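*Asks:* Chains as they are written, first to last, in my numbering: chain A, 17 to 137; chain B, 2 to 99; chain C, 1080 to 1312.
Here a beta-carbon is modelled for each residue, glycine too, at the ideal position from N, C-alpha and C.
Model, not experiment: these values are computed from the prediction.
Can you read through this structure? Questions will come right after.
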Amino acid sequence: MSPAFLYGGAGILLFALGLWSFLVHEPLLRKLIGFNIMGSGVFHLFIAIAHRGDGLPPDPVPHALVLTGIVVAVSATALALALNSRLEAADANASASAHQTHGRGADEHADDAKRRRWPTR
Amino acid sequence: MSILLLAFDAILLTTLLGLATAAVLSPEPRRATMLFIAFGLWLSLVWARLSAPDVALAEAAIGAGIGGALMLAAARRAARRHADIDADATIDTSEDAR
Amino acid sequence: MNRDLSLLIGILVSLFAVLLLWIVYITLSAETGPRLATLALEQLPESGVSHPVTAVLLNYRAYDTLLELAVLLAALLGIWSLGPAPAGFQLAGPALAVMARWIVPLAILTGGYLLWVGGHAPGGAFQAGALLGSAGVILRLAGHPRAGLPSEEAQRWLVVAGVGVFVLIGLLLAALGYGFLTYPKAGAKWLILLIETAATLAIGATLAAAYVGGRPLGAAPPSTPTPTEDARA
């Protein structure tokens, strides 16, 4: 019983750590890392419960659920990162056009550089 | 024997939690991402110890590998953007100085 | 975010964690009832494969896997709908180029091995697909703008292959009177292998396309010829 609780408890601590990071930190990448650690905590709890002591075959059903979960977590991360990069591009364009209306010639180099880096649609 | 195993488990889990804390607390995006990849690989080790080799393989390949590669690309973009903002700031100050 | 608020959130999250720990402790110390593991291991000879995790994924809980492939497809459609892919990296230096030339075929070979071995040992469609996907990531890093994927139209076929083959086989079985995704015992092994092969190709293509991060670019420049094997990555 003790090792199972040890591993299950570690899963819950990971979940709490990820949840805290997800709520507290501002940048999206740090939120995503927190989110993924949160998910890993849940997966870890599943694996810990599926483990029925050394020597016994583990429960295959939670393993299959976790396998599915890992793929879904990564696809959600990929979608979030793609959304983020589009948001960044939109921000860069907005600030670039704001600078242009100020008519400050020195910024135009920076604007051009931004436009080269994030092609607009 | 069982004491030894328990100590082994404790070391595995302490390192795991330590890596997760370091990944969560580091403000620099690239550093945080690399720590997250290390965390994912360590997690797959722990799962291999819990007799879940399938899940360990998938976590190492998908969670740490592909997820880490995606995040590294985003972290590189973020670092570049910071450098960009710094560059803008220097341009602005030089303008003001003139 | 200010310090006090993050401290408050920290305290609340810790309290929540203590509650969860207590619940897990109670659950683990209670007498365990009948577990699904017994049933899953008992029915294993009927499932067509001898590895229990593959049996759960592709036989007992095939709906799960089907919907999971659908989630993967939906995420990729989301990424594609956000616009065209950003330009790729410049062509790699000699060290990375040589490494990619060795690693990519090895990853494809290992993927095929994992796919086959999934029937009776740890491995299977997800791990094999992940390897194909990472082969694509390496190609993209080495300067191949489409991560070794084929043309846009072929990519569309590849990424729906997993869900498509899964649903087609399910419907075919239902039409033959077995019920949706209920395999006949004789053909179960080959049906599972067929579904897994399609799922592997779809997962690999989807992960690589997600790394590219946008709708596929047009024709690849003629300076980077695509080896035929890359089509699978």
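Do you know how far the Cα of Arg1180 of chain C is from the Cα of Tyr1142 of chain C?
*Replies:* Indexing the third sequence from 1 puts residue 1142 of chain C at position 63. Indexing the third sequence from 1 puts residue 1180 of chain C at position 101. Note on geometry: alpha-carbon atoms of Tyr1142 of chain C and Arg1180 of chain C lie some 38 Å from one another.
*Asks:* Could you run through the stretch 1193-1205 of chain C and flag, in chain order, every residue whose CB is less than 8 Å away from some CB of chain B?
*Replies:* Flagged, chain order: Leu1193, Pro1201, Gly1202, Gly1203 and Phe1205.
*Asks:* Strictly below 9 Å CB to CB, what residues from chain F border Thr16 of chain B?
*Replies:* Looking for chain F here will not work: the only protein chains present are A, B and C.
*Asks:* Against chain A, does Asn1138 of chain C count as a neighbour if the rule is that its beta carbon must be under 8 Å from one of theirs?
*Replies:* Along the third sequence, one-based indexing puts residue 1138 of chain C at 59. No, its Cβ sits nowhere closer than 8 Å to a Cβ of chain A.
*Asks:* Counting contacts by CB-CB distance shorter than 8 Å, is Gly41 of chain B in contact with chain C?
*Replies:* As a working note, residue 41 of chain B is residue 40 in the second sequence. Gly41 of chain B does not count as touching chain C.
*Asks:* Short of 8 Å Cβ to Cβ, which residues in the stretch 1107-1132 of chain C face chain A?
*Replies:* Leu1107, Ser1108, Arg1114, Leu1115, Ala1116, Ala1119, Leu1120, Pro1131 and Val1132
*Asks:* Spell out the partners DSSP gives Arg1294 of chain C in its beta bridges.
*Replies:* By one-based count along the third sequence, residue 1294 of chain C stands at place 215. DSSP lists C:Pro1163 as partners of Arg1294 of chain C.
*Asks:* Keeping to the same chain, check which residues put their C-beta closer than 8 Å to that of Gly1172 of chain C; ignore five residues upstream and five downstream.
*Replies:* By one-based count along the third sequence, residue 1172 of chain C stands at place 93. Cβ within range, chain order: n/a, list empty.
*Asks:* Exposed or buried, which one is Ala1166 of chain C when buried takes at least 16 other CB atoms within 10 Å?
*Replies:* Looking up residue 1166 of chain C in the third sequence gives position 87. Result: exposed.
*Asks:* By the 8 Å beta-carbon criterion, what residues does the stretch 86-103 of chain A contribute toward chain C?
*Replies:* Ile86, Val87, Val88, Val90, Ser91, Ala92, Ala94, Leu95, Leu97, Ala98, Leu99, Ser101 and Arg102
*Asks:* Comparing the C-beta of Leu39 of chain A with each C-beta of chain C, is any distance below 8 Å?
*Replies:* Here residue 39 of chain A refers to the residue found at position 23 of the first sequence. Yes, Leu39 of chain A counts as interfacial toward chain C.
*Asks:* Using a C-beta to C-beta distance shorter than 7 Å, which residues of chain C count as neighbours of Leu48 of chain A?
*Replies:* As a position in the first sequence, residue 48 of chain A is number 32, starting the count at 1. None at all; the shortest Cβ gap to chain C is about 14 Å.
*Asks:* Report yes or no: is there a C-beta of chain C within less than 8 Å of the C-beta of His60 of chain A?
*Replies:* On the first sequence, position 44 is the one that residue 60 of chain A refers to. Cβ-Cβ to chain C under 8 Å: no for His60 of chain A.
*Asks:* How far does the alpha helix (DSSP H) with Ser1085 of chain C in it extend, from its first residue to its last?
*Replies:* Along the third sequence, read from residue 1 onward, the residue named residue 1085 of chain C stands at position 6. Taken as a continuous stretch (DSSP letters only), the alpha helix (DSSP H) holding Ser1085 of chain C covers Arg1082 to Ser1108.
*Asks:* Counting only Cβ-Cβ distances shorter than 9 Å, please list the residues of the stretch 41-58 of chain B near chain C, keeping chain order.
*Replies:* Under the 9 Å Cβ criterion, the stretch 41-58 of chain B contributes Ala53, Pro54, Asp55, Val56, Ala57 and Leu58.
*Asks:* Verify the CB distance criterion: does His79 of chain A have a CB-CB separation below 8 Å to chain C?
*Replies:* For the purposes of this step, residue 79 of chain A is identified with residue 63 of the first sequence, where counting begins at 1. Chain C contact via Cβ: present.
*Asks:* Run through DSSP, which three-state label would Phe1205 of chain C get?
*Replies:* Along the third sequence, read from residue 1 onward, the residue named residue 1205 of chain C stands at position 126. Taken through DSSP and simplified to helix, strand or coil, Phe1205 of chain C comes out as helix.
*Asks:* Counting C-beta neighbours from all protein chains within 10 Å, is the total for Trp43 of chain B 16 or more, i.e. buried, or is it exposed?
*Replies:* Position 42 of the second sequence, counted from the first residue, corresponds to residue 43 of chain B. When all chains shown are included, Trp43 of chain B counts as buried.
*Asks:* Within this structure, are the beta carbons of Phe40 of chain B and Ala21 of chain B separated by less than 8 Å?
*Replies:* Your numbering for residue 40 of chain B matches position 39 in the second sequence. Your numbering for residue 21 of chain B matches position 20 in the second sequence. Going by C-beta atoms, Phe40 of chain B is nearer than 8 Å to Ala21 of chain B.
*Asks:* Along chain A, in chain order, which residues have C-beta atoms closer than 7 Å to that of Ser1085 of chain C?
*Replies:* On the third sequence, position 6 is the one that residue 1085 of chain C refers to. The answer, in chain order, is Val40.
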